[in-house]
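**Q**
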Amino acid sequence: MTQVRKIKVKLQRFDPNISAPDFSEYEVPVEPGSSVMNVLTYIYENIDSSIAYYTSCRIGKCLGCDMGINGTVDYACTTPVPVDDDLTITPLPEYVRVKDVTINRARPKRPTGKKPVIA
Ligand code: FES
6 MTQVRKIKVK LQRFDPNISA PDFSEYEVPV EPGSSVMNVL TYIYENIDSS IAYYTSCRIG
66 KCLGCDMGIN GTVDYACTTP VPVDDDLTIT PLPEYVRVKD VTINRARPKR PTGKKPVIA
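Start counting the sequence shown at 6; every next residue gets the next number (my numbering).
1. Could you check what DSSP says for Thr-93 in three-state terms: helix, strand or coil?
2. Excluding the five sequence neighbours on either side, which residues of its own chain have a C-beta within less than 6 Å of the C-beta of Pro-26, listed in chain order?
3. Going by Cα to Cα distance, which pick from Asp-105, Ala-111, Val-33 is closest to Ile-56?
4. In or out: Gly-73 buried (at least 16 other Cβ within 10 Å) or exposed?
5. Since Leu-68 is in the alpha helix (DSSP H), which residue starts that stretch and which ends it?
6. Provide the residue span of the alpha helix (DSSP H) that contains Val-33, from first to last.
7. Kindly indicate which residue of Val-35, Val-41, Ser-29, Pro-21 has the alpha-carbon position closest to the one of Val-78.
8. Check for me: the alpha helix (DSSP H) holding Val-14 runs from which residue to which?
9. Looking at the structure shown, is Tyr-59 part of a helix, part of a strand, or coil, going by DSSP?
10. Can you give the Cα-Cα distance for Val-9 and Val-101, rounded to whole angstroms?
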C-alpha cells in the first residue's frame, strides 16, 4: 500500500501585467518518490490551471525545468519532494520572468558564465 502524505507548497506567482511577485499556497498529496514536477502537474490539473511552469522531457534531458526548489537550483522533473519538508518553488532569479516560474532563457539578467544563485 502506498503512503500518501500532504505537503504545503508555496509557489511564487508573477504576472507582469498584473502585480508584483507573490506566493500562492497549495496543499498537495504526494507519494514517496514524487518529483517536484509531479507536484506542479498535480496543482495544474487539480487545483489551479492558471499556474505557469516549463515542462518537456520529464527525464532530466532537456534541462529546461530548473528552478529554485527550497532555496537551491535544481530540475523539477528529477528532484524528489523532500521527505520531511514542505516545498517552496521560485523561478531562476537570473533571467527575465515570463509568468510565475517560467523564464525567458534568451534574456539573462546576469553576465553569462556566472553560476546562478537563489537569493
Ligand atoms: S523537463 Fe526536461 S529536464 Fe526537466
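Every residue gets a Cβ at the ideal spot worked out from N, C-alpha and C, and that includes glycine.
For clarity, every value in this text was computed on a predicted model and none was experimentally measured.
**A** Put simply:
1. Position 88 of the sequence shown, counted from the first residue, corresponds to residue 93. Three-state DSSP puts Thr-93 in a strand.
2. In the sequence shown, counting from the first residue as 1, residue 26 sits at position 21. If we look at Pro-26 and ignore the five residues flanking it on each side, its Cβ neighbours are Gln-17, Phe-19.
3. The residue given as residue 56 occupies position 51 in the sequence shown. Ile-56 has its Cα closest to that of Asp-105, out of Asp-105, Ala-111, Val-33.
4. Indexing the sequence shown from 1 puts residue 73 at position 68. Gly-73 comes out buried.
5. The count along the sequence shown starts at 1 and reaches residue 68 at position 63. Counting along the chain, Leu-68 falls outside any alpha helix (DSSP H), and DSSP gives it neither H nor E.
6. For the purposes of this step, residue 33 is taken as the residue at position 28 of the sequence shown. No alpha helix (DSSP H) holds Val-33; the beta strand (DSSP E) holding it covers 27 to 35.
7. If you number the sequence shown from 1, residue 78 lands on position 73. Comparing Cα-Cα distances from Val-78 to each of Val-35, Val-41, Ser-29, Pro-21, the minimum goes to Val-41.
8. One-based indexing of the sequence shown puts residue 14 at position 9. Run containing Val-14: none in the alpha helix (DSSP H); it sits in the beta strand (DSSP E), 10 to 18.
9. The count along the sequence shown starts at 1 and reaches residue 59 at position 54. Tyr-59: coil per DSSP, three-state reduction.
10. The count along the sequence shown starts at 1 and reaches residue 9 at position 4. The count along the sequence shown starts at 1 and reaches residue 101 at position 96. Going by the C-alpha atoms only, they are around 36 Å apart.
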